[in-house]
Amino acid sequence: MNGNRTGVPNPPVIIAADNRVPFPHTDQKLRCRTEPVLFAIEDIHDSDADRRTREKAIAEARRDCSGCPIVVGCLKWALANPDLTPHGIWAPTMPRERTELREKLVARLGEDWVGVVAAQERRRKDQERAARFAPPTVRDPALARLEREAIPTRPTPYNRWKQPITPAQAASHRHVLELVASGKAA
Ligand code: SF4
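This is the structure we're talking about:
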């Protein structure tokens with residue numbers, strides 16, 4: 001899947017997408033594909049004759065994007081491909097908002113922010129893959145057993161009729177009493 005929207009009136013000439021940030025895959029029906037015209041709305045200007053209708057359409061498209069399963073990946077793709085997304089609503093930003101976001105990314109990550117984001121994404125996927133496939137080492141079960149033995153999850157209950165109180169228990173009781181007296185244990 002790529003981010004190109006067929007069906008948009010006057011589609012732009014084919015521009016190659018930046019393949020460092022691929023458009024996310026989904027099997028779900030996306031409304032921007034089934035009703036691309038709804039997402040091809042431009043910013044509202046003061047001169048707009050039918051301002052209210054446009055506002056309603058923009059709100060509807062934004063709502064669809066907000067519930068979209070690939071909204072985060074779509075936004076990254078749209079930001080990384082300014083030449084392919086100069087108009088319309090994408091995930092769920094207007095052109096002006098995308099420009100502002102790109103400026104912020106340049107300020108934070110540098111001119112090659114797309115490369116930085118792509119590298120981060122690669123690292124995240126590698127880590128996820130490694131965590132999924134890493135076989136348990138010989139030491140893992142031994143360490144888990146040691147931990148269970150050394151840190152009993154449930155201490156043996158204290159039997160006040162049979163066991164004398166230890167200095168540590170006495171100190172702990174004093175501490176609790178002090179907390180209650182000071183009102184901090186309420
Ligand atoms: S976030 Fe919006 S523009 Fe992007 S794929 Fe989803 S519906 Fe389409």
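Position 181 (the sequence shown) corresponds to 181 in full-length UniProt numbering; numbering is contiguous. Every residue, glycine too, gets a C-beta built ideally from N, C-alpha and C.
Among the bridge pairs identified by DSSP, T93 is matched with W90. In this structure, V71 has its CB closer than 8 Å to one or more heavy atoms of the ligand SF4. Going by beta carbons, P69 and Q28 fall inside the 9 Å limit. In terms of Cβ geometry, R108 and L79 do not form a close pair [threshold 9 Å].
Contact check for K76 against V21 passes: the beta carbons are separated by less than 9 Å. Distance from the CA of D50 to the CA of C32, rounded to the nearest whole angstrom, comes to 22 Å. Relative to the ligand SF4, the beta carbon of L84 is positioned no closer than 8 Å to any heavy atom. Within the same chain, Cβ atoms closer than 6 Å to the Cβ of D64 are found at R31, the five residues on either side in sequence being excluded. Distance from the CA atom of E128 to the CA atom of T26, rounded to whole angstroms, is 19 Å.
Per the coordinates, the alpha-carbon of E42 lies some 21 Å from the alpha-carbon of I14.
For V114, the uninterrupted alpha helix (DSSP H) segment begins and ends at W113 to F133. With respect to the C-alpha of N19, the residue from L177, E111 and N81 having the closest C-alpha is N81.
Residue state for P69 is assigned as coil, using DSSP reduced to three classes. In terms of side-chain proximity, the C-beta atom of I89 is found nearer than 8 Å to a non-hydrogen atom of the ligand SF4.
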